[in-house]
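Colleague: Protein chains in written order, with the numbering used here: chain A, 1 to 341; chain B, 1001 to 1341; chain C, 2001 to 2336; chain D, 3001 to 3336. For glycine and all other residues, C-beta sits at the position ideal for the given N, C-alpha and C. There's a structure below that I have some questions on.
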Amino acid sequence: MSRRRMVQAIQEALAEEMERDARVLVFGEDVEASMFGETAGLSERFGASRVRNTPISEALLSGMAVGAAAAGYRPVCHLMYGNFIYTGFDAIANQAAKFRYMTGGQVKLPLVYMGVIGGGKATAAQHSDCIYPALMNLGGLKVVVASDPGDAKGLLKAAIRDDNPVVFLQAAGRSREQYPVPDDEDYVLPLGQAAVKREGRDLTIVAIGSMVKQALLAAHELASQGIEAEVIDPRTLFPLDEDAILRSVSRTGRLVIADESHNTCGAASYISAIAGERAFAALKAPVCRVTVGDVAMPFSPPLEDALRPGKAEIVRAALGLVEANAASPRRQAMAGGEMLS
Amino acid sequence: MSRRRMVQAIQEALAEEMERDARVLVFGEDVEASMFGETAGLSERFGASRVRNTPISEALLSGMAVGAAAAGYRPVCHLMYGNFIYTGFDAIANQAAKFRYMTGGQVKLPLVYMGVIGGGKATAAQHSDCIYPALMNLGGLKVVVASDPGDAKGLLKAAIRDDNPVVFLQAAGRSREQYPVPDDEDYVLPLGQAAVKREGRDLTIVAIGSMVKQALLAAHELASQGIEAEVIDPRTLFPLDEDAILRSVSRTGRLVIADESHNTCGAASYISAIAGERAFAALKAPVCRVTVGDVAMPFSPPLEDALRPGKAEIVRAALGLVEANAASPRRQAMAGGEMLS
Amino acid sequence: MQLTRSQSFVACQKPIFGIDKQLALYRKMLLIRKVEEMLGNASLAAELPGPVHLYVGQEAIAVGVCDHLAETDWIASTHRGHGHFLAKGGDTAALVAEVFGRETGICRGRGGSMHVADFSRGIIGANGIVAGGLALAAGAAWAAQLEGTGRIAVAFFGDGAANQGVLMETLNLSSLWKLPLILVCENNGFAEFSPSATVTSGRIAERAVPFGVAHRTVDGNNLEAVWLAAEEAVAHARGGGGPILLEFETYRLRGHMEQEMAFLSKTYRTNAEVEERRSADPIRRFREALIAHRFATAADLDDLEGEVQDEVVRAKQAAKAAPWPDVTGAKDFMFA
Amino acid sequence: MQLTRSQSFVACQKPIFGIDKQLALYRKMLLIRKVEEMLGNASLAAELPGPVHLYVGQEAIAVGVCDHLAETDWIASTHRGHGHFLAKGGDTAALVAEVFGRETGICRGRGGSMHVADFSRGIIGANGIVAGGLALAAGAAWAAQLEGTGRIAVAFFGDGAANQGVLMETLNLSSLWKLPLILVCENNGFAEFSPSATVTSGRIAERAVPFGVAHRTVDGNNLEAVWLAAEEAVAHARGGGGPILLEFETYRLRGHMEQEMAFLSKTYRTNAEVEERRSADPIRRFREALIAHRFATAADLDDLEGEVQDEVVRAKQAAKAAPWPDVTGAKDFMFA
Ligand SMILES: Cc1ncc(C[n+]2csc(CCOP(=O)(O)OP(=O)(O)O)c2C)c(N)n1
Ligand SMILES: Cc1ncc(C[n+]2csc(CCOP(=O)(O)OP(=O)(O)O)c2C)c(N)n1
Ligand SMILES: [Mg+2]
Ligand SMILES: [Mg+2]
């Protein structure tokens, strides 16, 4: 273990996978100079043919990734900000997400799209979208949101080794913090596996991306009030590790979901639906979603702060659930609070 | 009232609104010849400057709609198939959905994007997406899915008169059926208002677009078994008429949602979350979603039929809820089954 | 940058290749024509699921270009993609079964007419998204360049597709990267129901100029002209010369899609126009030339036609006899 | 299609307009410069939320173009949009307050640097999406055409933006529809940290040629040259001549964004290069010309500069004293 920032961990994952497999490519706008730093030094190390700066042409880049992957390479296409994924959305939604299916399974598409999501840096509406719900809804892409450097490294390595299109997203606001990262070159975290970031018996907090840290802070504060929250980071949003969430909820009976994506059809609403349906009998109180709402991200920091959920909102939601439950008659649970179906 | 097909109703809505307001424009690929028929005859009637055939350039068209609307016109941009909305997604997601907010409310954007969604016509994966969850998640667009010609007409007229960007979608498979449509030139249905398509006390079926007909057929069959289903068509998916759904669920205690969009972060999951959270105490059984799953739409009709939910799946889901509920001890409901929050 | 060789083909009176090749190419064009006509009839008879966009009248382009390609070269195609599939060596029966939606189809019935692909033969596939193939081909060309084994990629696209911005993006990047990429624009006069000139300004081939990309405009209904232009283009791309844009002038003899007159509220071209353009039918022209130059008699060619027709009938019969995909596998193949 | 007039401006030794206009234009350039320098310093001092992309070195373009526009004409701009906002008559204090994120900002603090807009002055706004303004301007130009009152629309965009396919789509459609649209490409040598030539093939102005769109390449650091080219372009567009593409050659004297060297792992241009290009600073050049032609003395211009500096300082002070947006309204303005 050594301490790394998010961008360093990502850079290491890229470098290690490029070293390991000559078919891994990195391309995108300014991947040489590297806006965020994760691709810094790669072109010097692996050459300009494997690490290529591109014109600003997202519609082309996203489709080229599909073509290069279909032709046997493992491209990593850096699209910079999540919002520019919209600019390249055609090939992502119409080709990448459907290509294997449409061809009857003829082709593997080992490609990764990368991007930075979320607010917190006053980059305003066109640089702050948490774009993952739209990607999750496509059904043909794996979607990863890393919340700390260690996970980022392990998940990105898995994404690059995966034979399917993966979108790898990282939260904008967290790049400077240092976290321990395993040194093992084969530290690969399986996609589709949630992490229990903190154990607790009283309620479950599912938190995504930048919200994981807030959830942990909230859990700490709740603990001081005698409430033990379990914090789960799904890490992969598609496929979602529903069982891990349901296991926790079936024990705690209470679920808060903290998610920086928009409210309607967001990731939180999907998780809420799953819990509401499959942990129906176990729930002691309604699921509570803490989201950014259905609003574009403002520029001005006070507005941004007001909209982005944080520790305080999560604590409030958690307390609300615990109290609501204390105030109203507990519903008769089905045998042992087991999950349905 | 006279009987109309979907395309006729839409054509009438366009013609009436163009007649009423000279600032209403229609443009898109082949709106003159009219692939589906809804824009047929408009260019002859209103002239080629207000009804314009365009090159195949969705990225431009979706952005031009924003520019023309900001400049005071009321453009209707026909994007043909929902999947081509992806091709024009950049300006929809990055401009239209955020433009008013980003400018601090300086501008009104009275524009409509149109497209056809869903399977049933063997048009395969790139012409069958039910694209609305991604649009709902943007938070800055009104999203309308019409399920019959009467609604289509009233909703489209409202969409054109609305000062905000609206995406108006129609189901691919239903264009040939005739339905009664009010003749009144001012038949405008408010956006954001659900319709109770059938009343019933035993369970609620929320059905979207092409699923409304299937839900009504299912309700008919359920009635023959003594189960009275209420069928609700939200019609506007953003903003969603949550209260109408909750009112019904608080009475029936059971909810089936039939939705042709994908499973993860789909419209059904959002509605399930809302019901699970806000009608928590009223629910007698877990919400049941009947969706297409997370799969690209296949070409071959047997596969397509197998994936698209229909009457049978809705009936099965409904019976499942009623039986599950009969078999297991009824949960103790909170006072009168009232909704939370 | 204009290519220089083969400017004389118009003056070329005698067929430029030997008898075997003449007949092989003729047979391939005929095969495409017969498959398309069969599918057109099947569509009218409501035997086909979904719409079909037929390649009738454009056969010389796919055949003339693909004759220069190795199995390992890549092609990306369009919604009007049956001809490219067959010209690149795709299996007739597997194509037809796919368009009939059967499990024996090349995509197991998942793709249908607009998605026929065969990766084992370098066929990245037809595409339901207009201009969708350009970026895929560029990506494959990048892969080919990295491999360094001389593979190239070809993107077929229509005149309507030329108005998607991704064409410019492809021209720019492929020029900078010197990708082994041939961009083949089939200008058949229409984008759906819009005559080209109403939606496309200027000459498409010239869109290559500002990017320093080589380009040619060629009669796409003349197999020899196509073949010669493609020969040069392939040599250019394979030889490291970078991308090249070929614009082939042709004409769509059938509807944008079959059955279109059933739903269109008005016509967008006259029957007289279509009949007139039939005189430039590439197959008819090639047949006449073969006979004129005594490479074959009319009877020989009729026999050949009969053979091809039989193959197509067998493909159709096999497709109709083949099983539908098993619905329990409806969700298979989303992920590897 | 090349425009003919004003080819002689290079030879034009004497300033082409009178003293008042000279000074007004000079003042406008200076205002932009001073605002940008103040914002750059504020950014370095961590007084600003978010990143800023400054217009330093490109002032002649916005000023020379917008001088020909009426308040009712439309402009769409870029992430580097402060200069266009001010040149089109946007209020300095409202701009500065916006970039400081205050309620008194032109967008009530919702938009920030990348979204400054003022519809009452035809400013459709800066844009965080590279090339995002092209389609907006085309839409506004269509509206202007329909209105028939002589309005035009101008889209400013960078050399990097020229590689977004929507440029081609805009050229094609605006040519076909003869939209009153001026496409102003500011080629400042870089797209972020990529030198133009590494990501942009050919000359951008020539991308207009295949679409039959008029075009010019002009020294963007020479205010008179810009002004003359814009005069012609505006007459062309207003007169029904359709779209025209102007490529202005210029140089970005500051970073792509302020503070970039804090996060970039390497440099992408030398200091020597920047210093060398400083000699072509449009403001310096114009100042020298004003003095050389005795339109003003150095002292006059220093006074003017002091005045402008005061205005900027006042704007900054006002911004810093202004209230932050009220968080209870954080969700306001999504819908009308
Ligand atoms: C992105 C996208 N937009 C629109 C369509 C609908 N569409 C299908 S074919 C076509 C016309 C294509 O014209 P062209 O490229 O000339 O090809 P052709 O049909 O003439 O072979 C259109 C607009 C589509 N399939 N994809
Ligand atoms: C669609 C999109 N892709 C990428 C970016 C990131 N980005 C911001 S500015 C920029 C470079 C723009 O270069 P140019 O158009 O030359 O403008 P300049 O910065 O030189 O003024 C890039 C790539 C973006 N904002 N939008
Ligand atoms: Mg065509
Ligand atoms: Mg630039």
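#1: Which chain C residues sit within Cβ distance under 7 Å of Asn164(A)?
#2: So Arg3216(D) contacts chain C; which residues on that side make the cut at Cβ distance below 8 Å?
#3: Checking the sheet assignment: what are the DSSP bridge partners for Asn53(A)?
#4: Against Glu277(A), what residues of chain B qualify as contacts under a CB-to-CB distance less than 8 Å, listed in chain order?
#5: Could you check whether the region 3147–3164 of chain D touches the region 3062–3079 of chain D, counting it as contact only if at least three pairs of C-beta atoms, one from each stretch, sit closer than 8 Å?
#6: Under the three-state reduction of DSSP, which class applies to Ile3123(D): helix, strand or coil?
#7: Is there a C-beta anywhere in chain D that falls below 8 Å from the one on Ile92(A)?
#8: Assign Trp2324(C) to one of three DSSP states: helix, strand, or coil.
#9: Using three-state DSSP, classify Met6(A) as helix, strand or coil.
#10: For Val3010(D), which three-state DSSP category applies?
#11: Identify which residue in Pro3323(D), Ala3322(D), Trp3177(D) has its Cα closest to the Cα of Ala3141(D).
#12: Using a Cβ cut-off of 8 Å (strictly closer), state whether Asp1186(B) contacts chain C.
#13: In three-state DSSP terms, what is Asn263(A)?
#14: Just to confirm the assignment, what range does the beta strand (DSSP E) spanning His3215(D) have?
#15: Quick one: is Phe3193(D) near chain A, going by C-beta distance under 8 Å?
#16: What are the residues in the region 242–262 of chain A lying within 7 Å of chain D by C-beta distance?
#17: Could you tell me whether the Cβ of Asp3332(D) comes closer than 8 Å to any Cβ of chain C?
#18: Is the Cβ-Cβ distance between Leu1246(B) and Ala1275(B) less than 8 Å?
#19: Taking only beta-carbon positions, decide if Trp2337(C) is within less than 8 Å of chain B.
#20: Taking DSSP as the reference, what is the three-state secondary structure of Asn3271(D)?
#21: Hey, is Ala3191(D) close to ligand 2, as in C-beta under 7 Å from one of its heavy atoms?
#22: Leu3170(D) versus chain A: which residues are under 7 Å apart at the beta carbon?
#23: Flag Ile3124(D) as yes if its beta-carbon sits less than 8 Å from any beta-carbon of chain B, otherwise no.
#24: Below 7 Å on C-beta distance, what does His1078(B) contact in chain C?
#25: Just to confirm the assignment, what range does the beta strand (DSSP E) spanning Arg1289(B) have?
#26: Using the C-alpha atoms, what's the distance from Ala3280(D) back to Gly140(A)?
#27: Could you work out which residue in Thr1039(B), Ile1056(B), Val1076(B) is closest to Ala2160(C) when comparing CA atoms only?
#28: In the structure shown, what three-state DSSP assignment does Thr358(A) receive?
#29: Using 7 Å as the cut-off, classify the Cβ of Asp1090(B) as near or not near the heavy atoms of ligand 1, replying yes or no.
#30: So, helix, strand or coil for Arg331(A), using DSSP?
#31: Check whether the region 2268–2280 of chain C touches the region 2227–2247 of chain C, counting contact only when three or more Cβ pairs, one atom from each stretch, lie closer than 8 Å.
#32: Would you say Leu1203(B) faces chain D, with C-beta separation under 8 Å as the test?
#33: For the structure I just gave you, are there three or more beta carbon pairs, one from the region 3201–3216 of chain D and one from the region 2195–2215 of chain C, closer than 8 Å?
#34: In chain order, what residues of the region 1133–1151 of chain B put their CB closer than 8 Å to some CB of chain A?
#35: Report the partner residues of Trp3142(D) according to the DSSP bridge assignment.
#36: Tell me the DSSP secondary structure of Ser1272(B) in three-state form.
Modeller: Taking the definition as stated:
#1: Per Cβ cutoff of 7 Å: Phe2335, Ala2336.
#2: Within chain C, no residue comes near Arg3216(D); the closest Cβ sits about 14 Å away, beyond 8 Å.
#3: DSSP lists Gly28(A) as partners of Asn53(A).
#4: Going along chain B in sequence order, the residues near Glu277(A) (Cβ under 8 Å) are Ser1272, Gly1276, Pro1286, Val1287, Cys1288, Arg1289.
#5: yes
#6: strand
#7: The Cβ of Ile92(A) sits no closer than 8 Å to any Cβ of chain D.
#8: coil
#9: helix
#10: Note that Val3010(D) has pLDDT 37, beneath the 50 cutoff, so the model's placement of it is unreliable and no number is given.
#11: Trp3177(D)
#12: no
#13: coil
#14: Residues 3214–3219.
#15: At a cut-off of 8 Å, the C-beta of Phe3193(D) has a neighbouring C-beta in chain A.
#16: none
#17: no
#18: The Cβ atoms of Leu1246(B) and Ala1275(B) lie closer than 8 Å to each other.
#19: Summary: the structure shown does not reach residue 2337(C), with chain C confined to residues 2001 through 2336, and so no result is reported for it.
#20: helix
#21: yes
#22: Sequence check: residue 3170(D) is Thr here, not Leu. The premise fails here: Thr3170(D) is roughly 14 Å from chain A at the closest Cβ pair, so nothing lies under 7 Å.
#23: yes
#24: Within 7 Å Cβ-Cβ: nothing; His1078(B) doesn't reach chain C, min ~13 Å.
#25: 1288–1290
#26: 53 Å
#27: Reading off the sequence shown, one finds Gly at residue 2160(C), where the question assumed Ala. Cα-wise, what sits closest to Gly2160(C) is Ile1056(B).
#28: Residue 358(A) lies beyond the residue range present for chain A, which begins at 1 and ends at 341; the question has no answer from this structure.
#29: no
#30: Residue confidence for Arg331(A) is low, a pLDDT of 48 falling below 50, so the modelled location carries little weight and cannot support an answer.
#31: no
#32: no
#33: yes
#34: Pro1133, Ala1134, Met1136, Asn1137, Leu1138, Gly1139, Gly1140
#35: Paired residue(s): none; Trp3142(D) is not in a bridge.
#36: helix
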